[in-house]
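According to the UniProt record's numbering, the sequence shown is numbered sequentially starting from 1.
Glycine included, every Cβ here is placed at the ideal spot set by N, Cα and C.
Just so you know, these numbers come straight off a predicted model, no measurement behind them.
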Amino acid sequence: MSKTMQIIQYNARKAREGVMATFLLDPKVLQADIIAVQEPWANPMTETTHQPARQSHQLLYPKRKDHGGDDRARVCMLVSKRIDPGSWTQRVISKDYQWLKLRYQRGTEERTLYVHNIYNQPQSPTIDRLRSELAALHALRDWGRPLTTDHVVIGDMNAHHPA
1 MSKTMQIIQY NARKAREGVM ATFLLDPKVL QADIIAVQEP WANPMTETTH QPARQSHQLL
61 YPKRKDHGGD DRARVCMLVS KRIDPGSWTQ RVISKDYQWL KLRYQRGTEE RTLYVHNIYN
121 QPQSPTIDRL RSELAALHAL RDWGRPLTTD HVVIGDMNAH HPA
């Protein structure tokens with residue numbers, strides 16, 4: 001893994017043509033290590049989204065069985081194939097929240113980066129779930145070792161909507 005991790009966040013507004021397709025075909029976007037999307041376009045034929053970047057990125061699109069709900073996911077991530085698939089895992093918390101755990105080396109030190117991707121529908125429990133996950137992950141920390149875990153929270157917070 002390179003010394004710099006590039007993460008891009010984008011709300012596709014559920015649109016494929018002119019939004020998600022154009023975005024995921026941009027060569028500059030495809031240089032990113034992680035692409036976090038909120039409100040991805042929903043394929044009406046199957047439970048997935050538009051994925052024109054198959055050659056360079058692995059799509060992590062939460063299925064209904066992963067989040068236990070009836071509605072389609074409002075988040076997804078694409079992970080660069082330059083990153084060893086054995087170094088990362090994904091967890092789906094809800095249709096609006098997923099995280100990616102990435103293990104990497106910095107010098108001689110093994111580190112962990114969590115990328116939390118959320119879509120915050122106003123008055124939904126997503127922010128409470130984020131707080132709970134952060135607390136649970138913090139509780140798992142090995143207190144005898146130096147802090148080697150970082151968290152990045154990205155997404156559409158819908159801060160412009162009144163609560």
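With distances taken from CA atoms, which of T22, H50, L147 is nearest P40?
H50
Starting from the Cα of H57, find the closest Cα among H67, V79, E110 and give me that residue.
V79
Supposed contact pair R111 and W99 - C-beta distance, whole angstroms, cut 8 Å:
So it is not a contact: roughly 16 Å between Cβ atoms.
Name the two residues that bound the continuous alpha helix (DSSP H) containing I7.
Here I7 belongs to no alpha helix (DSSP H); instead the beta strand (DSSP E) covers 7-11.
Closest to N43 by CA distance: which of A36, Q55, Y61 is it?
Y61
Which of helix, strand or coil does DSSP assign to E133?
helix
Restricting to runs no shorter than 3 residues, where is the beta strand (DSSP E) found entirely within the UniProt domain "Endonuclease/exonuclease/phosphatase" (30-162)?
Entirely contained in the UniProt domain "Endonuclease/exonuclease/phosphatase" (30-162), the beta strand (DSSP E) runs reaching 3 residues are, in chain order, 34-38, 57-60, 75-80, 88-94, 97-106, 109-119, 149-156.
Rounded to whole angstroms, what's the CA-CA distance from H116 to V152? Just pull it up for me.
In this model, H116 and V152 are separated by some 6 Å (Cα to Cα).
By the 10 Å Cβ neighbour count, where 16 or more other Cβ atoms means buried, how is G68 classified, buried or exposed?
exposed
Extent of the continuous alpha helix (DSSP H) run through T4:
No alpha helix (DSSP H) contains T4, which DSSP labels as neither H nor E.
Counted within 10 angstroms of its Cβ, other Cβ atoms place R106 as buried (16 or more) or exposed
By the 10 Å Cβ count, R106 comes out exposed.
On the three-state DSSP scale, how would you describe L25?
coil
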